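K.L.:
Residue numbers (my numbering), protein chains in the order written: chain L, 52 to 521; chain U, 52 to 521; chain E, 52 to 521. Quick reminder that beta carbons are idealized off the backbone N, C-alpha and C, glycines included. If you're wondering where the values come from, they're calculated on a predicted model, not measured in any experiment. Pasting a structure below so you can have a look.
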């Protein structure tokens with residue numbers, strides 16, 4: 052049986068000098084509270100504080116990183132317990148699913164999923180042996196047993212994970228009931244929402260036509276014309292702010308922005324409203340919406356997050372049969388210079404505007420994003436995102452952005468996850484990679500130790516708080 | 052005189068911990084047989100077993116890596132013994148050519164060519180001093196002397212190189228005579244062919260018009276219409292399979308695929324057949340051919356290899372005067388997400404289909420290729436290719452693909468060479484870089500040693516055998 | 052108070068073996084004279100030999116690297132002493148500006164600006180404490196005091212910096228008065244000019260219309276037609292050559308080249324001359340100009356430098372209020388294969404033509420630039436440029452270009468700066484990174500030490516001299 056243990060010097064360089072420096076830097080930040088300003092956990096967990104169920108529903112089925120890798124090796128999603136829309140059979144025996152997962156655990160070698168999972172198993176569940184077909188049942192039983200105890204309830208874990216604040220993400224029409232309940236419960240954990248309006252701002256979204264009238268109903272605004280529609284969006288932003296939101300979240304296919312005249316906006320909106328879209332209208336509408344969101348952010352102080360560049364639902368058959376978020380989203384080529392120019396021409400020089408930029412196209416780090424963030428007062432670089440939320444990905448991010456953007460135009464770390472139990476692992480990994488990078492600078496005589504120690508604390512704690520106005 | 056020797060710890064990190072781990076990992080794979088599933092050696096070598104001639108015709112003139120670098124420094128190809136089409140004089144004194152090469156050996160510093168050549172000189176020919184103008188004649192004479200001995204005949208070297216199987220590449224119309232002779236000779240070396248149909252599937256190929264009727268003659272199919280043409284291609288694939296082929300090989304300019312209706316295919320084929328190409332027809336035809344090749348692979352089980360992204364024959368004058376493969380091919384920008392979607396929409400979820408993807412645009416590794424390979428069951432990532440078949444190139448490949456695709460969606464190593472003597476050097480280098488990468492993971496506590504040892508063996512041996520169905 | 056000192060082993064790997072090798076390699080090149088074949092210093096400094104004024108006007112206001120980073124953190128350019136065009140107030144108290152800079156010195160952590168500045172402070176001014184708000188006045192006073200001494204006059208520093216030759220850059224219409232004065236002064240420092248014709252060759256340049264008749268007046272050529280215009284350009288090139296120029300410098304937005312017929316050139320020129328530009332005319336004109344510049348280089352032996360890919364003046368408001376070169380230029384996506392083909396088809400195989408290529412899009416290093424430079428006799432790769440003139444940027448450059456282009460198709464280092472005091476720092480940094488890269492090769496048994504030592508000298512000294520025909 053292979054042991055499982057977390058090496059206290061993990062993810063640092065094996066060079067003794069760098070390792071020593073990294074250990075010292077990490078010592079200064081290991082126990083800082085977690086700031087989680089961008090993520091997708093379920094506020095219902097914290098409002099109800101109900102126990103989690105079992106290893107499969109907790110760790111496997113909601114995690115698209117795991118689903119995609121298993122699927123790539125020929126394992127049908129049905130065998131992993133996902134229910135297809137077409138009535139085809141699917142596995143419901145969770146122990147059997149867990150065993151299947153354990154039998155393929157080797158395919159995750161070298162992936163961040165493996166690191167997060169091992170951290171979860173060892174640090175949260177106290178397991179001391181590796182997941183293999185032989186230990187699968189031990190894992191399954193022990194996890195179920197622990198989950199049934201009070202120490203593994205969501206609120207207890209929130210405290211144990213040392214979370215100072217966590218942001219969830221809700222659609223513009225969401226009543227924020229769970230957030231209200233959390234606040235009304237007297238519990239002191241800080242769980243805030245984030246305003247994600249795609250459903251009511253993207254004409255290509257499958258719910259757009261149905262959502263528009265609901266937006267009108269909810270806000271009491273006349274959303275049949277552009278100005279009323281904008282007022283309705285402003286209204287919802289105010290509602291979200293009242294529930295703790297300090298940020299908005301936007302994931303269009305491209306970074307395109309536009310600056311149309313009010314008259315052109317009105318005409319474009321009329322076509323969008325009536326479903327009479329001409330070629331290019333949907334993208335132009337999204338581009339103009341980005342401008343409006345920036346304008347509203349200037350007015351209401353919400354931080355605007357923009358993460359373009361995802362080709363959603365690339366696998367047509369799986370999207371049809373299983374819907375969104377099952378591993379079929381792919382990074383695409385993206386550009387920023389010309390697309391962002393209209394928005395930056397209007398708001399780029401405003402110090403009171405904050406736009407956090409993310410990318411899935413690493414080629415833009417050093418070429419476009421760091422130079423932009425190292426110039427425009429409004430811009431801050433979000434961390435390495437999604438597929439790049441990994442040791443190599445985060446190290447490339449620092450190496451390719453720091454020289455042009457510095458550290459102080461970056462936003463610290465976002466865990467961006469719906470996998471609650473992985474949050475300590477992800478912050479631990481991110482902090483360690485930042486320390487490893489800083490150790491590289493210190494060992495290479497490119498930074499002094501006292502300055503590196505200050506930067507490490509800023510990256511782990513002060514920058515995300517400041518950037519997200521928390 | 053400078054000594055030449057191969058350091059047993061070459062290409063590993065100089066960090067003592069990583070080096071120790073890499074040495075141990077390499078020890079476990081150094082003597083594994085060579086699996087060479089994709090290459091361009093001459094089957095005639097193994098059918099005739101005739102001796103090779105001399106250093107120049109063996110090592111220099113067929114190697115476009117060497118020709119291009121020498122040419123870049125102002126050495127005319129004629130001076131290297133290449134015969135131009137225009138009747139201009141060219142050097143025929145091979146010793147003189149070798150001396151010219153030796154006088155410029157320093158320009159290869161830092162290139163993989165230098166590493167492969169030094170390995171060839173030291174490990175195969177037993178030379179112990181560096182190639183310089185002073186040692187040029189010693190090299191030339193010693194190599195000629197060795198090549199005349201039985202131990203340096205192709206079959207003897209095949210055994211000495213520890214090759215378990217090697218695939219050559221032949222055009223769709225090739226009679227595979229040499230392969231037949233090898234099989235008929237009683238010699239036990241496994242030399243198989245690969246089906247490369249560009250000549251009969253690319254309307255822009257200079258031989259296309261002449262090749263089409265020959266395809267009809269060879270197969271007895273009526274290639275004047277689309278369905279007969281497809282049957283003829285199926286027929287040739289069957290012929291290649293009967294001579295050992297397990298794979299097909301496709302090198303279009305882009306990764307574009309298409310899914311036209313049968314009627315549209317018939318019309319497109321008629322225009323192609325008659326040379327009445329409209330704008331975009333040639334690319335559309337190649338795109339549809341990729342779909343047909345995929346469909347045939349599903350039916351006949353051949354592994355489909357796709358390596359788009361080369362701008363062939365960029366140097367117009369050299370192409371005109373010296374033809375193909377003299378160093379004028381250049382890597383181009385390439386994209387995969389949208390171009391591959393038609394093909395993946397039809398066959399992407401088939402476990403019985405295997406598509407091995409290569410790229411010359413490294414920016415697609417982490418952004419598109421690893422995410423695609425880490426999701427679609429049919430996809431496997433081919434190794435770092437051509438210009439990237441090098442220490443830095445292979446290391447970047449692992450660092451940029453492993454976190455999203457893992458190791459088990461990759462195909463191990465392809466030497467992809469017509470330089471037979473470099474095959475041991477290339478596999479040695481590739482195995483060492485994989486060990487160096489694994490050592491980085493182990494030393495960074497991102498992988499345990501026992502798992503790394505298993506992965507090293509899989510990459511060197513089991514994965515290429517499995518992926519290529521050998 | 053934090054000490055400031057330059058570690059003698061700075062920028063080398065912390066791996067003891069690599070560090071030892073790098074130290075040894077650097078020892079062999081540390082004292083080589085500086086060859087500075089491409090830069091933007093003011094020839095007037097050397098003709099008048101007048102003292103520099105103070106820390107702010109010397110080190111801060113002319114340095115767009117510093118302006119942009121400070122601006123990104125919300126500091127208005129007016130507060131840094133820049134005078135806006137609109138009559139708005141701006142800071143004139145230089146001590147106050149210096150204090151503001153010192154208060155934000157931490158934002159440069161991890162940037163090359165920090166390394167260059169600390170080198171300047173320590174090695175040139177002999178300061179031994181870090182720049183902080185507390186030491187700001189000490190810095191300001193000490194720098195002012197030193198600048199007033201004879202040892203800090205431009206010519207004395209030229210000697211102290213060990214500059215063998217430095218090239219400035221002047222517009223095509225420049226009378227080169229300062230260069231004449233330098234030559235006439237009897238001073239032996241070699242300061243040469245470089246021919247930069249954008250003003251008279253780019254129809255989009257704001258001065259183009261006014262410059263064209265001046266070009267005619269200066270040269271006595273009839274610039275109302277294409278042939279006369281070309282003769283005028285040839286005339287100015289000859290004038291620059293007579294003042295020491297060995298190179299021309301071109302910074303178009305893209306690498307596009309064209310090969311139009313004389314008749315089409317004449318028509319295009321007529322439209323450009325008359326301001327009757329049609330869509331695409333400006334780019335086509337620039338593309339044809341690149342061809343003409345190449346042709347003239349073949350004829351007159353001047354080295355042609357091409358650095359496309361910059362999106363100039365991205366920040367519209369700052370450009371309007373403060374003009375060029377204040378930090379609003381951004382790297383853009385660039386391609387080389389197809390754009391350069393017309394030019395390479397005509398002159399690519401000429402050994403007597405030298406084209407030095409730079410890029411701001413690092414993705415083209417390994418994919419296009421190194422393969423092109425490793426093939427075409429006319430091509431040489433310029434060093435890592437602008438945003439990539441940094442430890443990480445230069446290391447990526449070597450790692451991504453050496454394997455395909457080797458060292459001997461690269462041009463050594465260009466400091467490309469208007470910051471005279473940073474020149475020793477920049478060459479020191481570049482030489483150290485080259486040694487660090489070579490040490491990586493030697494420690495990884497990819498190069499022998501004697502060859503690395505030779506390459507180090509070639510990169511630091513012989514290659515720039517040879518490439519720029521100095």
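To the nearest angstrom, how far is it from the Cα of residue 277 of chain E to the Cα of residue 419 of chain E?
P.N.:
Distance between the alpha carbons of residue 277 of chain E and residue 419 of chain E: 33 Å.
K.L.:
Taking the straight line between their C-alpha atoms, what separation do you get for residue 363 of chain E and residue 118 of chain E?
P.N.:
Those two C-alpha atoms are separated by around 16 Å.
K.L.:
In angstroms, rounded to a whole number, what distance separates the CA positions of residue 421 of chain E and residue 122 of chain U?
P.N.:
Distance between the alpha carbons of residue 421 of chain E and residue 122 of chain U is about 14 Å.
K.L.:
For residue 329 of chain U, is the classification buried or exposed, using 16 other Cβ atoms within 10 angstroms of its Cβ as the cut-off for buried?
P.N.:
So residue 329 of chain U ends up on the exposed side.
K.L.:
Could you pull out every residue in the same chain whose Cβ sits closer than 7 Å to the Cβ of residue 15 of chain E, ignoring the five residues on either side in sequence?
P.N.:
Since the first and last residues shown for chain E are 52 and 521, residue 15 of chain E lies out of range.
K.L.:
In angstroms, rounded to a whole number, what distance separates the CA positions of residue 476 of chain E and residue 86 of chain E?
P.N.:
Rounded to the nearest angstrom, the two C-alpha atoms are 14 Å apart.
K.L.:
Ignore the nearest five residues each way along the sequence and tell me which others in residue 63 of chain E's own chain have a CB closer than 6 Å to its CB.
P.N.:
Hits under 6 Å: 70, 73, 487.
K.L.:
In the structure shown, what three-state DSSP assignment does residue 467 of chain U receive?
P.N.:
It is coil, neither helix nor strand.
K.L.:
Nearest chain E C-beta to residue 52 of chain U closer than 7 Å, yes or no?
P.N.:
No, no contact with chain E.
K.L.:
To the nearest angstrom, how far is it from the Cα of residue 225 of chain L to the Cα of residue 474 of chain L?
P.N.:
Using only the alpha carbons, I get a separation of about 24 Å.
K.L.:
Exposed or buried, what is residue 383 of chain U when buried is set at 16 or more other beta-carbons lying within 10 Å of its beta-carbon?
P.N.:
Flag for residue 383 of chain U reads buried.
K.L.:
Thinking C-alpha only, which one of L:444, L:495, L:500, L:519 is nearest residue 65 of chain E?
P.N.:
For residue 65 of chain E, the nearest C-alpha among the options comes from L:495.
K.L.:
Please confirm whether residue 393 of chain L and residue 309 of chain L have their CB atoms less than 7 Å apart.
P.N.:
A contact, by the Cβ cut-off of 7 Å.
K.L.:
Using the three-state DSSP reduction, which class does residue 377 of chain E fall into: helix, strand or coil?
P.N.:
It is coil, neither helix nor strand.
K.L.:
List the endpoints of the continuous alpha helix (DSSP H) containing residue 230 of chain L.
P.N.:
It spans 228-235 - the alpha helix (DSSP H) in which residue 230 of chain L sits, taken as one unbroken run.
K.L.:
List, from N- to C-terminal side, the alpha helix (DSSP H) runs of 4 residues or more that fit wholly inside the stretch 387-439 of chain L.
P.N.:
Runs found: 388-398, 421-424.
K.L.:
At a CB-CB cut-off below 8 Å, which residues of chain E make contact with residue 63 of chain L?
P.N.:
Per Cβ cutoff of 8 Å: no residues; residue 63 of chain L is ~12 Å from chain E at best.
K.L.:
Please list the partners that residue 183 of chain E has in chain L, where partner means a Cβ-to-Cβ separation under 8 Å.
P.N.:
Neighbours of residue 183 of chain E on chain L: none; closest Cβ ~11 Å, over 8 Å.
K.L.:
Quick one: list the residues of chain E neighbouring residue 69 of chain L, beta-carbon separation under 8 Å, in chain order.
P.N.:
Neighbours of residue 69 of chain L on chain E, chain order: 65.
K.L.:
Would you report the Cα separation of residue 521 of chain L and residue 462 of chain L, rounded to the nearest angstrom?
P.N.:
Approximately 12 Å, taken between the alpha carbons.
K.L.:
Could you give the C-beta distance for residue 353 of chain E and residue 246 of chain E, rounded to a whole number, given that I count them as a contact under 8 Å?
P.N.:
Between residue 246 of chain E and residue 353 of chain E the Cβ distance is about 7 Å, and since that is below 8 Å, they are a contact.
K.L.:
If you run the structure through DSSP and keep just helix, strand and coil, what is residue 309 of chain E?
P.N.:
Coil at residue 309 of chain E, not helix or strand.
K.L.:
Of the residues L:399, L:348, L:104, L:376, which one's Cα is nearest the Cα of residue 199 of chain L?
P.N.:
Selected option, being the one with the closest Cα: L:104.
K.L.:
Between residue 129 of chain U and chain E, is any beta-carbon pair separated by less than 7 Å?
P.N.:
So, not an interface residue.
K.L.:
Could you tell me the distance, in whole angstroms, from the CA atom of residue 236 of chain E to the CA atom of residue 98 of chain E?
P.N.:
Roughly 7 Å between the two C-alpha positions.
K.L.:
Is residue 80 of chain U closer than 7 Å to residue 327 of chain U when the C-beta atoms are compared?
P.N.:
Not in contact: residue 327 of chain U and residue 80 of chain U (Cβ atoms no closer than 7 Å).
K.L.:
Are residue 411 of chain E and residue 306 of chain E closer than 7 Å when you measure CB to CB?
P.N.:
Contact flag unset, no.
K.L.:
For residue 362 of chain L, which of helix, strand or coil comes out of DSSP?
P.N.:
Correct three-state label for residue 362 of chain L: strand.
K.L.:
Go through its chain and collect everything with a Cβ distance to residue 214 of chain L's Cβ below 6 Å, but skip five positions before and after it.
P.N.:
Hits under 6 Å: 85.
K.L.:
Check each candidate in E:58, E:53, E:517, E:61 and name the one with the smallest Cα separation from residue 297 of chain E.
P.N.:
Per the Cα distances, E:517.
K.L.:
Helix, strand or coil for residue 341 of chain E? Go by DSSP, reduced to three states.
P.N.:
DSSP places residue 341 of chain E in helix when its eight states are reduced to three.
K.L.:
Measuring straight from C-alpha to C-alpha, what distance separates residue 107 of chain E and residue 397 of chain L?
P.N.:
About 31 Å.
K.L.:
Give a yes or no on whether the C-beta atoms belonging to residue 158 of chain U and residue 416 of chain E are separated by under 7 Å.
P.N.:
Contact flag unset, no.
K.L.:
For residue 83 of chain E, which residues in the same chain have their Cβ closer than 6 Å to its Cβ, ignoring the five residues on either side in sequence?
P.N.:
The residues are 511, 512.
K.L.:
By the DSSP assignment, the alpha helix (DSSP H) with residue 454 of chain U in it spans what residues?
P.N.:
442-456 is the span of the alpha helix (DSSP H), which, as asked, contains residue 454 of chain U.
K.L.:
Within the 7 Å Cβ cut-off, does residue 396 of chain U reach chain L?
P.N.:
Yes, because at least one Cβ of chain L sits closer than 7 Å to the Cβ of residue 396 of chain U.
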